[in-house]
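Letter by letter, the sequence shown follows residues 0 to 456 of numbering that gives the first Met the number 0.
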Amino acid sequence: MKVLKFGGTSVGTSKSLAHVKKIVEGLNGPAIVVVSALGGLTDRLISTANDAAAGNAAYKNNMDGIANRHYDIISETIDPCKQKEVIDIISPMLADLSDLYDGVALIRNLPEKTLDRIVSYGERISSVIVSRIIAGAKHFDSTTFIKTEKWFNKNIADSKLTDSLIRQAFGSFGNGVAVCGGFIATDRDNGEITNLGRGGSDYTAALIAASLNADELEIWTDVDGFMTADPRIISNAKVIDHLSFVESMELCSFGAKVIYPPTIYPVFHKNIPIRILNTFNHEAPGTWITDNRDSAPSGCIPKGATTMRNISLFTIEGDAADNTPDVNSRTFNTLAKNGISVILVSQSVERSSFSFALSEHDADNALKALLNEFAPDMEEGRINRIARHDNKAILAIVGENIGDISSIGPRIFNSLQRQGIEVLASSHGASSSNHAYVVDADDTNHALQAVHEIFFE
Ligand code: ADP
Ligand code: ASP
Ligand code: MG
């Protein structure tokens, strides 16, 4: 059994849906198809909610546009004798969406759980439509088996409960094709609609593949595979034939948008291969992501480079930074207690400072918590300051066994230096498979071009 996930670009138009139909109907075994909302729709649902909250009457026209886009797709792609049945299912959903927008406009406020309900309609509706486009397919409602729990202010998957609910939901599913929405979920405690985060349909597909021990997870998108860099920035980026799970995990966690980062872990754990394939070019071989044991090259070969934006770099300076283990552990504990993840850590050689990078989104909370934690040390002068620098980016170069700084580090530093790009912090060897550099946000694309040229062109 295979799990296939089709992203927004693959289900955005009648034309792209014709490709999806052809791919799925051409399979010769059972399959579970996970779909995103129509391309660009989640952004539209959110911007319309913001318009409504701001009292901008444009939200009404946007709502009509959202409804019409779905009705047009139905009339262009679904057998006329089945159209009424689909319209009868989605009309009440669109009516509820419209009521939600009116409610938001009335109270001029957009609570998080209302936004979660609003965005859920993207996948709730697209999955019904796709299930009627594919001959013989059966629709499954993901909100009944993908469960989340609260973790600080985020919703994260409750993997254990989700695993057993997925097995129950698909337990008696035979040999056919099932279609369900990605991204959407419900809270395990109160049943409210939630989601797995932007780009989360990949993760839905991985959770299903892992629970049902699928033979393969296929991520169908709009590029020929995982590439040596983001093709929107590097026009001559090349498709990578094979990545190990670890390499793909590193590339995704450092910003390669092609797969949502949490996706890899559940399938890695079960050793289920992932393939990245192009909906618009079925014949292209794509990228295989598998256990590296069979096929990792022995030397130190970078596989790809990526960048991550909206980064803040923090530096703790002062004599106490000399007492590194204490400062490090208090920093990490404080951040962890506040649900903040550290993306990169860099220790200065003379040990009088210690830097780490995190998402700009977490920077306010991080600064507040650290100033609180180190207040006594600052008062006594053991720590001079906790500096925060926003508007930074991380450049990461990934490949199994490249961790040792002596291998490729000098080439990267020289190349960045030749381009006049200052490295503000760097980390090597924390993992054996990446080198990561903090640079100014303005230098991001140049830095990526510079390293792409030396390793992949
Ligand atoms: P989907 O709608 O199918 O989920 P996404 O937009 O989430 O698609 O992911 C696919 C996009 O990821 C590609 O169109 C490409 O622009 C971008 N991307 C970023 N980095 C890479 C990379 N290293 N390889 C391939 N695509 C990448
Ligand atoms: N529709 C959601 C988003 O745009 C989830 C997904 O496409 O994976 O983020
Ligand atoms: Mg995606």
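A virtual CB, placed ideally from N, CA and C, is assigned to each residue, including glycine.
In this text the structure is predicted, and so the values were computed from the model without any measurement.
Distance cut-off 7 Å: Gly-38 Cβ against heavy atoms of the ligand MG: Result no, Cβ not under 7 Å from the ligand MG.
Tell me whether the beta-carbon of Ala-392 lies closer than 8 Å to the beta-carbon of Thr-306. Yes, these two residues count as a Cβ contact at 8 Å.
Is there at least one non-hydrogen atom of the ligand MG closer than 7 Å to the beta-carbon of Gly-196? no
Cβ pair Leu-242, Val-2 closer than 8 Å: no
Does the ligand ASP have even one heavy atom less than 7 Å from the beta-carbon of Asp-115? no
Quick test of the definition: if touching needs 3 or more C-beta pairs under 8 Å, does the region 214-234 touch the region 268-277? Contact holds between the region 214-234 and the region 268-277, because three or more Cβ pairs, one in each stretch, are under 8 Å apart.
What do you reckon, is the C-beta of Asp-229 under 7 Å from a heavy atom of the ligand ADP? yes
Determine the extent of the alpha helix (DSSP H) in which Lys-237 is found, giving its start and end residues. Unbroken run through Lys-237: none, as it is neither H nor E.
Residue of Phe-355, Ala-136 and Leu-164 minimising C-alpha distance to Thr-147: Leu-164
Measure the C-alpha to C-alpha separation of Lys-269 and Ile-263 and round it to an integer number of angstroms. 10 Å
Using 7 Å as the cut-off, classify the Cβ of Gly-11 as near or not near the heavy atoms of the ligand MG, replying yes or no. Checking the Cβ of Gly-11 against the ligand MG gives no.
Spatial neighbours of Ile-89 within its chain, please: C-beta separation below 7 Å, excluding the five flanking residues on both sides. His-69, Ile-124 and Val-127
Name the residue from Thr-113, Val-450 and Ser-171 whose alpha carbon lies nearest to the alpha carbon of Asp-95. Thr-113
Counting only runs of 3+ residues fully inside the region 369-404, write out the beta strand (DSSP E) ranges in chain order. 384-397
Between Ala-195 and Ala-156, is the Cβ-Cβ spacing less than 8 Å? At residue 195 the sequence reads Leu, which differs from the Ala that was named. Yes.
So is the beta-carbon of Thr-289 under 7 Å away from any non-hydrogen atom of the ligand ADP? no
Beta-carbon proximity of Ser-426 to Ala-440, cut-off 8 Å: no
Helix, strand or coil, according to DSSP, for Gln-418 in the structure here? coil
Any heavy atom of the ligand MG inside 7 Å of the beta-carbon of Tyr-259? yes
Limits of the beta strand (DSSP E) - the one that Lys-153 falls within: 153-156
Is Phe-225 a contact residue of the ligand ADP, with contact defined as CB to any heavy atom under 7 Å? Correct: Phe-225 has its Cβ closer than 7 Å to the ligand ADP.
So who's on the other strand from Met-226, going by DSSP bridges? Val-238
Beta-carbon separation of Ser-247 and Thr-203 under 8 Å? With respect to Thr-203, Ser-247 sits apart: the two C-beta atoms are not nearer than 8 Å.
Please find out if some non-hydrogen atom of the ligand MN comes closer than 7 Å to the beta-carbon of Asp-201. This structure lacks the ligand MN; the ligands present are the ligand ADP, the ligand ASP and the ligand MG.
Start-end ranges of the alpha helix (DSSP H) lying completely within the region 174-230, minimum 4 residues: Complete alpha helix (DSSP H) runs here, min 4: 200-210.
Look at the Cβ atom of Gly-38, then the Cβ atom of Thr-8, and state whether they are nearer than 8 Å. yes
Starting from Asn-327, trace the alpha helix (DSSP H) both ways and give me its first and last residue. 323-336
For Ile-239, which residues in the same chain have their Cβ closer than 7 Å to its Cβ, ignoring the five residues on either side in sequence? Gly-224, Phe-225, Met-226, Thr-227, Thr-286, Lys-302 and Gly-303
Does the beta carbon of Glu-378 come closer than 8 Å to any beta carbon on chain C? Checking the listed chains, one finds no chain C in this structure; it contains a single protein chain.
Inspect the CB distances between the region 334-341 and the region 351-368 and report whether three or more fall short of 8 Å. yes
Output needed for Tyr-120: all residues of its chain with C-beta closer than 6 Å, excluding positions within five of it in sequence on either side, in chain order. Met-92 and Leu-96
Kindly examine the ligand MG and report whether one of its heavy atoms sits closer than 7 Å to the Cβ of Gly-175. no
Taking 8 Å as the threshold (C-beta atoms), are Ala-48 and Leu-109 in contact? In this structure, Leu-109 places its C-beta atom within 8 Å of the C-beta atom of Ala-48.
What's the call for Phe-353, buried or exposed, on a 16-neighbour Cβ count within 10 Å? buried
Sub-8 Å separation of Ala-356 and Ser-311 beta-carbons: Contact: yes.
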